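A.B. asks:
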Amino acid sequence: MGKLISLLPYSLRLAWLNLLRNGRRSALSILIITIAVFALTSAGGFGLYTYDSLKESTARDTGHLTLSQPGYFESDEEMPLSNGLSDTSELIRTIMKYDEVRGVQPRIDFTGLISNGVKSTIFMGTGVNDREFDMKGPFLDMRSGKTLTDITSSRYDVMEPEIMLGVDLARNLNVSVGDWVTLLATTSEGALNAFDFKVHGTYSTGVPELDKRQLYIHINSAQELLLSEKVSTLSVFLFDTEKTAELHQRLAQELETMSLDYDIEITPWQERAFFYNKVKDLYDLIFGVMGFVMGLVVFVALFNTMTMSVTERTREIGTLSALGSYPNEIIHSFLREAGLLAVIGVVLGAVITALTTILLLVVDVQMPPPPGRTDGYPLNIYFSFELVAYAGVGVVCICLLAAYLSAKKGVKKPITEALIYV
4 MGKLISLLPY SLRLAWLNLL RNGRRSALSI LIITIAVFAL TSAGGFGLYT YDSLKESTAR
64 DTGHLTLSQP GYFESDEEMP LSNGLSDTSE LIRTIMKYDE VRGVQPRIDF TGLISNGVKS
124 TIFMGTGVND REFDMKGPFL DMRSGKTLTD ITSSRYDVME PEIMLGVDLA RNLNVSVGDW
184 VTLLATTSEG ALNAFDFKVH GTYSTGVPEL DKRQLYIHIN SAQELLLSEK VSTLSVFLFD
244 TEKTAELHQR LAQELETMSL DYDIEITPWQ ERAFFYNKVK DLYDLIFGVM GFVMGLVVFV
304 ALFNTMTMSV TERTREIGTL SALGSYPNEI IHSFLREAGL LAVIGVVLGA VITALTTILL
364 LVVDVQMPPP PGRTDGYPLN IYFSFELVAY AGVGVVCICL LAAYLSAKKG VKKPITEALI
424 YV
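The sequence shown begins at 4 in the numbering used here and counts up one residue at a time.
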């Protein structure tokens, strides 16, 4: 430690030696700063992890971009697929030429009644193809069975059309994998149509209300059930979520040059991510209040420490003033001490946050389910150098302000009074 201190400039070495005059008080100040920085960076890291998880979950559920007819999400259809898209093959080929695009998935959204032969209930159906579940990746929580089989593969049995049920919907109907259910829906022409489907798997969205109503079937089966070749929307999935805004702009310009029989509206995932937006607004407020409180704690602690230091060294200040030192020079010496305390505390707080981040990757700590959901999630935090920098700059400024206010009051005392101060 002595060799390390000797490498510092003279002014910093002097500041370090002054801090050692009362090592216990200095250590307590460093501890308070360390805890404050750790609290801010770890809480902020948890917020970043939460934002990123919700962002990816939402984007993989709805698609990074959703193409539909204008106003599709604002108004109800008079008949199923009356506001749908037709002849989408050219549109899909146009979108797939972009390197950022991972896939384009057509979807059909419809409602109706589902029955096990004895009991019936309302469902919210989504017609998809098998590639839909590859796009969802780890955000698809399968509870039993398998996802829908590729309808073009030899493993698919046309005599046993497949369906996937929300776990609570399957429980309410008392059906499991291998059982048969009947879907009753209104066709695009207003008639009623019914098909039998074999349960191929059950899954959970994590939202109880959706698990009681939601189901997936092949998009071809949905079109046969609704007697229409249209699709409700086209969901565009990207390799990188950060490219959403850029591709949105480029794709909008591309569509303006195409001659389509209908207008197209492009909706980015953020506009459909109601849960994400609410959580982000809540967490931003919480972290803002937390940062203010932590900053206030650091200010009070450092102001108290520096005030006591200035008071104890009143005769020293008087002696330096009598020897010709300017008030600003004396104030600067206290600022260096406060700055050194702040830097040490920030470094220690950042190190503890980094170690905690690594520890949580090894130790599985589960958070309780958030409101409105049934499943918990692993506790992780992101270590962000940018977040550490913001917290560090904020803490250093607070420490310097506390030291300046304390030292300025001390140097104003007349030299004669300072020299005889006891």
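For glycine and all other residues, C-beta sits at the position ideal for the given N, C-alpha and C. These figures come from a predicted structure and were not determined experimentally.
Here's the rule: buried if 16 or more other CB atoms are within 10 angstroms of the residue's CB, otherwise exposed. What is V301?
C.D. replies: buried
A.B. asks: Beta carbon of D153, beta carbon of T129: below 9 Å?
C.D. replies: No, the pair does not count as a contact, with Cβ atoms beyond the cut-off.
A.B. asks: Using 8 Å as the cut-off, classify the Cβ of G106 as near or not near the heavy atoms of the ligand SAH, replying yes or no.
C.D. replies: The ligand SAH is absent from the structure shown, which contains no ligands of any kind.
A.B. asks: For the candidate residues G294, I361, P271 and Q369, whose alpha-carbon lies nearest to that of V239?
C.D. replies: P271
A.B. asks: With H, G and I counted as helix, E and B as strand and the rest as coil, what does DSSP make of E103?
C.D. replies: coil
A.B. asks: Counting beta carbon pairs with one atom in the region 157-165 and one in the region 241-259, are three or more of them shorter than 8 Å?
C.D. replies: no
A.B. asks: Under the rule that 16 or more other beta-carbon atoms within 10 Å means buried, what is A188, buried or exposed?
C.D. replies: buried
A.B. asks: Taking just the CA atoms, how far does T208 sit from D144?
C.D. replies: 7 Å
A.B. asks: Where do the N-terminal and C-terminal ends of the alpha helix (DSSP H) with H67 fall, by residue?
C.D. replies: No alpha helix (DSSP H) contains H67, which DSSP labels as neither H nor E.
A.B. asks: Label R63 either buried or exposed according to how many other C-beta atoms from any shown protein chain fall within 10 Å of its C-beta, with 16 as the threshold for buried.
C.D. replies: buried
A.B. asks: Do A46 and M293 count as a contact pair if the criterion is CB distance below 9 Å?
C.D. replies: yes
A.B. asks: Can you find the residues in the same chain that come closer than 6 Å, C-beta to C-beta, to A406, ignoring five residues on each side of it along the sequence?
C.D. replies: M309, F337, L338 and A341
A.B. asks: In three-state terms, what does DSSP make of K416?
C.D. replies: coil
A.B. asks: Is M370 helix, strand or coil by DSSP?
C.D. replies: Look at M370 here: in three-state DSSP terms it is strand.
A.B. asks: Assuming contact is defined by CB atoms lying nearer than 9 Å, are Y54 and V282 in contact in what I supplied?
C.D. replies: Taking 9 Å as the Cβ cut-off, Y54 and V282 qualify as a contacting pair.
A.B. asks: Around the C-beta of Y329, are 16 or more other C-beta atoms found within 10 angstroms, so that it is buried, or is it exposed?
C.D. replies: exposed
A.B. asks: Please classify L22: does DSSP put it in a helix, a strand, or coil?
C.D. replies: helix
A.B. asks: Provide the residue span of the alpha helix (DSSP H) that contains I361, from first to last.
C.D. replies: P330 to V365
A.B. asks: Could you give the C-beta distance for L22 and S29, rounded to a whole number, given that I count them as a contact under 8 Å?
C.D. replies: 4 Å
A.B. asks: Could you give the C-beta distance for T150 and G204, rounded to a whole number, given that I count them as a contact under 8 Å?
C.D. replies: 6 Å
A.B. asks: Cβ of S312 within 9 Å of Cβ of N25?
C.D. replies: yes
A.B. asks: In whole angstroms, what separates the C-alpha of G148 from that of D182?
C.D. replies: 12 Å
A.B. asks: What does the alpha-carbon distance come out to for the pair Y380 and F386?
C.D. replies: 19 Å
A.B. asks: Would you mind sorting K58 into buried or exposed? The rule is 16 or more other CB atoms within 10 Å of its CB.
C.D. replies: buried
A.B. asks: DSSP three-state call for K411: helix, strand or coil?
C.D. replies: helix
A.B. asks: Buried or exposed: where does F388 fall if 16 or more other Cβ atoms within 10 Å of its Cβ makes it buried?
C.D. replies: exposed
A.B. asks: Please state if the CB of G413 and the CB of T322 are separated by a distance shorter than 9 Å.
C.D. replies: no
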